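First up is the structure itself, then whatever we jot down about it.
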Amino acid sequence: MSGIHTSLVAKVKSVAPLVQWTHCSIHREALAVRGLDECLKNSLDDTVKIVNFIKARPKNSRLFGVLCHEMVSERKQLLLHCEVRWLSRGKVLSRLFELRDELMVSFRRESLMGKTCKLLLRQCDQ
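Going by my numbering, the first residue of the sequence shown is number 201, and it counts up by one from there.
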């Protein structure tokens, strides 16, 4: 899309050399992620795994919603992460943090804890 010789940008600049060009917001977000700290990237990846564990199975999602209702949470559902939008990662991470107590209860109640969920429980217990 923004290649130096054959893209739309190159063709427009050949006609109007003084034109300014910027990446769209999605591409700017993708460029920002490239320089992301490894620790933060791993945390975000673990967050996506936890959310996918709950959201991938309708039963888990329903049980988690009921648990949030029983615990009188302000939030009732986790947000589903969208790979295209980098900003959605921050929203998913903050929602996961808001629901951390409910997640701990849910994972302790279930015998289906994945490796990532067990790691999260160990880190939060310390």
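Every residue, glycine too, gets a C-beta built ideally from N, C-alpha and C. In this text the structure is predicted, and so the values were computed from the model without any measurement.
CA-to-CA distance, residue j to residue i, given in whole angstroms
i: E302; j: K259; result: 16 Å
i: G290; j: V251; result: 13 Å
i: E298; j: A210; result: 46 Å
i: R257; j: F264; result: 11 Å
i: K255; j: R295; result: 14 Å
i: R262; j: D237; result: 34 Å
i: V305; j: V212; result: 57 Å
i: V292; j: S214; result: 43 Å
i: L208; j: F307; result: 50 Å
i: P217; j: R275; result: 52 Å
i: G249; j: R300; result: The sequence shown places Lys at residue 249, not Gly. Straight-line Cα distance between these residues: approximately 14 Å.
i: D246; j: V266; result: 24 Å
i: Q220; j: F253; result: 44 Å
Per-residue DSSP class, three states only, for residue i
i: V180; result: Residue 180 lies beyond the range of the chain shown here (201 to 326); nothing can be said about it.
i: V219; result: coil
i: S207; result: coil
i: L263; result: helix
i: L299; result: coil
Limits of the alpha helix (DSSP H) - the one that residue i falls within
i: S243; result: E238 to K255
Near the ligand MG: residue i beta-carbon under 8 Å from a heavy atom
i: E238; result: The ligand MG is absent from the structure shown, which contains no ligand whatsoever.
Would you check if there are 3 or more beta carbon pairs closer than 8 Å linking the region 265-273 to the region 239-257?
no
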